[in-house]
Amino acid sequence: MDYETLFEGNLWGMFAPTISVPEDLVDHFSVAENLLDFQNTVKDIAMIFDKEKREIKLCSFGTISLKKAVVLSEMYFRDVRLRNQLRARAEEAERMLQHGGQRNDRDSPYVDEFEVAADLMGLAIGTHGSNIQRARNVEDVDDIQVFEGGGDGQPCIIKV
1 MDYETLFEGN LWGMFAPTIS VPEDLVDHFS VAENLLDFQN TVKDIAMIFD KEKREIKLCS
61 FGTISLKKAV VLSEMYFRDV RLRNQLRARA EEAERMLQHG GQRNDRDSPY VDEFEVAADL
121 MGLAIGTHGS NIQRARNVED VDDIQVFEGG GDGQPCIIKV
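Going letter by letter, the sequence shown gives residues 1 to 160 in the UniProt record's numbering.
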């Protein structure tokens, strides 16, 4: 159903309540299904995304739905950002697995392998793998592989 043609006129006029959309989410809300997902989260409300003004126009017969949309918008925006980050990490991990699976020791002129005590692995990897990600960005580092120990405090092996 095309809400825009249904509600043309004063309902979408200058005084329609709006929610500002952050710059990083403009492309996300440009897709109709994504706006519909937010609309279904709020319920009993019609929404139209104005890409030029970077805002979502709201229309509802009750003020409760309008207030609910405004309150939920920040949580929804945060959730969308988190989903996008997780999707990017999953794609990066998949790319690294494919890249690492095609490599053998003869491709790289130098491989460094070292052991890290199991209780220090959190420090080696960093928060959410930040240290590993930074190390992968170092010039001439092709890949980093982490092999977990067998448990019971056995050391882990990191191969660079």
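We treat Cβ as the ideally placed atom computed from N, Cα and C, and that holds for glycine.
Remember, predicted model here, so these are calculated numbers, not experimental data.
Item: Identify the residues that DSSP records as bridge partners of residue 50: which are they?; Value: 55
Item: State whether the segment 84 to 98 contacts the segment 39 to 47, with contact taken as three or more CB pairs (one from each stretch) at a distance under 8 angstroms.; Value: no
Item: Measuring alpha carbon to alpha carbon, tell me which of 22, 49 and 23 ends up nearest residue 35.; Value: 49
Item: List in chain order: all unbroken alpha helix (DSSP H) runs of 4+ residues lying wholly within the segment 127 to 151.; Value: 130 to 136
Item: Jot down the residue ranges of each uninterrupted beta strand (DSSP E) in the UniProt domain "Synaptic functional regulator FMRP KH0" (18 to 95), minimum 3 residues, whole runs only, in chain order.; Value: 18 to 20, 46 to 50 and 55 to 59
Item: Quick one: residues in its chain with C-beta nearer than 8 angstroms to the C-beta of residue 2, no 5 flanking neighbours on either side, listed in chain order?; Value: Any reading at residue 2 must be qualified, since the residue scores a pLDDT of 42, below 50, and its modelled position is unreliable; no value is offered.
Item: Here's a check: name, in chain order, each residue in its chain whose Cβ is nearer than 8 angstroms to the Cβ of residue 144, leaving out the five neighbours to either side.; Value: 132, 135, 136, 158, 159 and 160
Item: Would you check if there are 3 or more beta carbon pairs closer than 8 angstroms linking the segment 17 to 28 to the segment 54 to 73?; Value: yes
Item: State yes or no: is the C-beta of residue 58 within less than 8 angstroms of the C-beta of residue 18?; Value: yes
Item: Buried or exposed for residue 28, going by 16 or more other Cβ atoms inside 10 Å?; Value: buried
Item: Measuring straight from C-alpha to C-alpha, what distance separates residue 61 and residue 85?; Value: 36 angstroms
Item: Out of 44, 81 and 146, point me to the one whose CA is closest to residue 97's CA.; Value: 146
Item: Can the beta-carbon of residue 116 be found less than 8 angstroms from the beta-carbon of residue 156?; Value: yes
Item: Enumerate in chain order the residues of its own chain whose CB-to-CB distance from residue 31 is below 6 angstroms, with the five nearest sequence positions on each side excluded.; Value: none
Item: Taking Cβ to Cβ, would you say residue 124 is nearer than 8 angstroms to residue 153?; Value: no
Item: What are the boundary residues of the alpha helix (DSSP H) that includes residue 124?; Value: 121 to 125
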